[in-house]
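Asker: I have a structure here, written as structure tokens, and I will follow up with some questions on it.
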Amino acid sequence: MKRDANAARQETLLWIAQRASAAVLAVCVLVHLATLIYAVRGGLSAAEILARTHGSTLWLGFYSLFVLAVAVHAPIGLRTVLAEWIGWRGTWRDAFLLGFAMLIAGMGLRAVTAVFA
Amino acid sequence: MSESLRVRVWRGTGDGEYRAYEVPRHASQTVLDVVTHIQRALDPTLAYRFACRVGMCGSCAMTVNGVARWTCRTHVDKAVKGNQLEIGPLRNLPVIRDLVTDMREFFDKWAKARGKFEGGRTRGDDLARVSPDSEDRKLIEAGIECIGCGVCYSACDVVAWNPDYLGPAALNRAWTLVKDERDTAGLERLRAVAGDAGCHACHSHMSCTERCPKGIAPTASIAGLKRAVGRAALRGEL
Chain A
180 MKRDANAARQ
190 ETLLWIAQRA
200 SAAVLAVCVL
210 VHLATLIYAV
220 RGGLSAAEIL
230 ARTHGSTLWL
240 GFYSLFVLAV
250 AVHAPIGLRT
260 VLAEWIGWRG
270 TWRDAFLLGF
280 AMLIAGMGLR
290 AVTAVFA
Chain B
-7 MSESLRVRVW
3 RGTGDGEYRA
13 YEVPRHASQT
23 VLDVVTHIQR
33 ALDPTLAYRF
43 ACRVGMCGSC
53 AMTVNGVARW
63 TCRTHVDKAV
73 KGNQLEIGPL
83 RNLPVIRDLV
93 TDMREFFDKW
103 AKARGKFEGG
113 RTRGDDLARV
123 SPDSEDRKLI
133 EAGIECIGCG
143 VCYSACDVVA
153 WNPDYLGPAA
163 LNRAWTLVKD
173 ERDTAGLERL
183 RAVAGDAGCH
193 ACHSHMSCTE
203 RCPKGIAPTA
213 SIAGLKRAVG
223 RAALRGEL
């Protein structure tokens, strides 16, 4: 019974995390696309973009948040896909997904630091 | 309206086959009338299930031209394609024979979802007074008329993908009890309906809501459960 209660709590918290990260992503994607369209309307080179982003704490914070939201959101969604499509459930699946989350976060934050720091 | 219907009916169990029958067509004929004609006039070995014939008992649901329906209240005109009808057992349930499914798993899940009312009063206590105008009572009203026909369960893709999923009817029932101010199972029920086999597995495809013959929206009930369970989890009560 205690184990059931723990599982219920864990599943519910994952669900909340996925909905909350989706809300963050909805805003991040819109800001990202709007900025993209605005910034390149006259044509921009990579060097010019880097010149603008270097040292900007605002964009560093924004894209770090974006990356972390993806790292939370995508593995939880993939968790359901793996369960429903290939029947993969249990600890090994969750361990694999934890690794996947860390990979996304690591690669994303590395890119963010390269562009902004 | 053509004179006769070409009806293909599922015969046998899981590895059975569709068999063709020619059935005379009448005005205001229901799909259940068609099945009954086949059993009484053409093939007495056909197994199917029905009782009230007026949409109250929930026993005659079948898959008609690919769609789960209550057959006693479905006119042939509504379901027929040209003059073709294909009638099979409900999806997502084991077939006992022909059009009869084993509903045990469906109703066992009602019990797993704590679908039984648990009160705290005795016959010595005064009656509970529940205002029909209260928000909770109105939410119960929207979900209470379920007849347990299994149409939603048969129409649900998540049930097909995740055999442990409690399904729309059981979760809808749990929701009407969560909103019942007399019920005392509170957190126990929220725990029972949380997680991978419960409300969080619902993808909101809304097939249950589309197909429910009683016009209930189990998707809305399940969304209510998600909110209630989520609040309990955030408060640390779950």
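Chains A and B, in that order, are what the protein sequence lines are. In this text, residue positions in the first sequence follow this note's numbering: the first is 180, and each later residue adds one. In this text, residue positions in the second sequence follow this note's numbering: the first is -7, and each later residue adds one. Built from N, CA and C at the ideal position, the CB exists for glycine as well.
Taking any Cβ of chain A, which residues in the segment 190 to 214 of chain B have a Cβ under 8 angstroms from it, in chain order?
Answerer: Against chain A - using a Cβ distance shorter than 8 angstroms - the residues of the segment 190 to 214 of chain B are 190, 192 and 193.
Asker: Using a Cβ cut-off of 8 angstroms, pull out every chain A residue sitting near residue 154 of chain B, in sequence order please.
Answerer: 262 and 263
Asker: Residue 221 of chain B versus chain A: which residues are under 8 angstroms apart at the beta carbon?
Answerer: 187 and 191
Asker: Should residue 199 of chain B go down as buried or exposed, given a rule of 16 or more other Cβ atoms within 10 Å for buried?
Answerer: Per the 10 Å Cβ criterion, buried.
Asker: Taking CB distances under 8 angstroms as the criterion, tell me whether residue 187 of chain B reaches chain A.
Answerer: Judged by the 8 angstroms Cβ criterion, residue 187 of chain B is in contact with chain A.
Asker: Report yes if the C-beta of residue 193 of chain A is less than 7 angstroms from at least one heavy atom of the ligand GTP; otherwise report no.
Answerer: As far as ligands go, the structure on display features none, and thus does not contain the ligand GTP.
Asker: Using the three-state DSSP reduction, which class does residue 78 of chain B fall into: helix, strand or coil?
Answerer: strand
Asker: Can you tell me whether residue 145 of chain B is buried or exposed, with buried defined as 16 or more other CB within 10 angstroms of its CB?
Answerer: buried
Asker: Along chain B, in chain order, which residues have C-beta atoms closer than 9 angstroms to that of residue 196 of chain A?
Answerer: Those do not exist, as residue 196 of chain A stays about 11 angstroms from chain B at its closest Cβ, beyond 9 angstroms.
Asker: Let me confirm a value: residue 234 of chain A is counted as buried when at least 16 other C-beta atoms fall within 10 Å, else exposed. Which label applies?
Answerer: exposed
Asker: Output the distance between the C-alpha atoms of residue 252 of chain A and residue 84 of chain B, rounded to the nearest integer angstrom.
Answerer: Those two C-alpha atoms are separated by around 30 angstroms.
Asker: Can you tell me which of B:22, B:168, B:71 and B:211 puts its alpha carbon nearest to the alpha carbon of residue 106 of chain B?
Answerer: B:168
Asker: Using DSSP with H/G/I as helix, E/B as strand and the rest coil, what is residue 22 of chain B?
Answerer: strand
Asker: Check the Cβ of residue 183 of chain A against every Cβ in chain B and list those closer than 7 angstroms, keeping chain order.
Answerer: By Cβ distance, chain B contributes 183.
Asker: Quick one: is residue 123 of chain B buried, meaning 16 or more other Cβ sit within 10 Å of its Cβ, or exposed?
Answerer: exposed
Asker: Under 8 angstroms, do residue 62 of chain B and residue 205 of chain B count as touching if we go by C-beta distance?
Answerer: yes
Asker: Compute the Euclidean distance between the alpha carbons of residue 27 of chain B and residue 80 of chain B, then round it to the nearest angstrom.
Answerer: 11 angstroms
Asker: On the DSSP letters alone, give me the boundaries of the alpha helix (DSSP H) that residue 139 of chain B sits inside.
Answerer: Looking at the DSSP string, residue 139 of chain B is not in any alpha helix (DSSP H), and its letter there is neither H nor E.
Asker: Report the rounded CA-to-CA distance for residue 65 of chain B versus residue 148 of chain B, giving the unit in angstroms.
Answerer: 21 angstroms
Asker: Report the residue from A:228, A:217 and A:292 whose alpha carbon sits nearest the alpha carbon of residue 246 of chain A.
Answerer: A:292
Asker: Check residue 190 of chain A in the structure and name its three-state DSSP category.
Answerer: helix
Asker: Contact between the segment 44 to 51 of chain B and the segment 281 to 296 of chain A is defined here as three or more beta-carbon pairs at a separation below 8 angstroms; is this criterion met?
Answerer: no
Asker: Pull up the distance between the alpha-carbon of residue 104 of chain B and that of residue 273 of chain A, whole angstroms please.
Answerer: Using only the alpha carbons, I get a separation of about 25 angstroms.
Asker: Let me check one thing: in DSSP terms, what residues is residue 16 of chain B bridge-paired to?
Answerer: B:-4
Asker: Tell me, which residues are paired with residue 111 of chain B by DSSP?
Answerer: B:175
Asker: Please list the partners that residue 230 of chain B has in chain A, where partner means a Cβ-to-Cβ separation under 8 angstroms.
Answerer: 184, 187, 188 and 191
Asker: Does DSSP put residue 206 of chain B in a helix, in a strand, or in coil?
Answerer: coil
Asker: Check whether the segment 179 to 195 of chain B touches the segment 130 to 146 of chain B, counting contact only when three or more Cβ pairs, one atom from each stretch, lie closer than 8 angstroms.
Answerer: The segment 179 to 195 of chain B, when compared against the segment 130 to 146 of chain B, does not touch it at the 8 angstroms Cβ threshold.
Asker: Mind checking which residues open and close the beta strand (DSSP E) that includes residue 88 of chain B?
Answerer: Per DSSP, the continuous beta strand (DSSP E) segment holding residue 88 of chain B begins and ends at 87 to 89.
Asker: Give the residues of chain A in contact with residue 166 of chain B, contact being defined as C-beta atoms less than 9 angstroms apart.
Answerer: Near residue 166 of chain B there are no residues of chain A at all, since even the closest Cβ is about 13 angstroms away, more than 9 angstroms.
Asker: Going by the beta-carbon positions, is the gap between residue 37 of chain B and residue 111 of chain B smaller than 8 angstroms?
Answerer: At a Cβ-Cβ threshold of 8 angstroms, residue 37 of chain B and residue 111 of chain B do not count as neighbours.
Asker: For residue 192 of chain B, name the three-state secondary structure that DSSP assigns.
Answerer: helix
Asker: Output the boundary residues of the alpha helix (DSSP H) element that contains residue 268 of chain A.
Answerer: Per DSSP, residue 268 of chain A belongs to no alpha helix (DSSP H) and is neither H nor E.
Asker: Give a yes or no on contact between the segment 190 to 207 of chain A and the segment 251 to 267 of chain A, applying the rule of three or more CB pairs nearer than 8 angstroms.
Answerer: yes
Asker: Between residue 229 of chain B and the rest of its own chain, which residues show a CB-CB distance below 7 angstroms, the 5 nearest in sequence each way excluded?
Answerer: 179
Asker: Spatial neighbours of residue 171 of chain B within its chain, please: C-beta separation below 6 angstroms, excluding the five flanking residues on both sides.
Answerer: 128, 131 and 132
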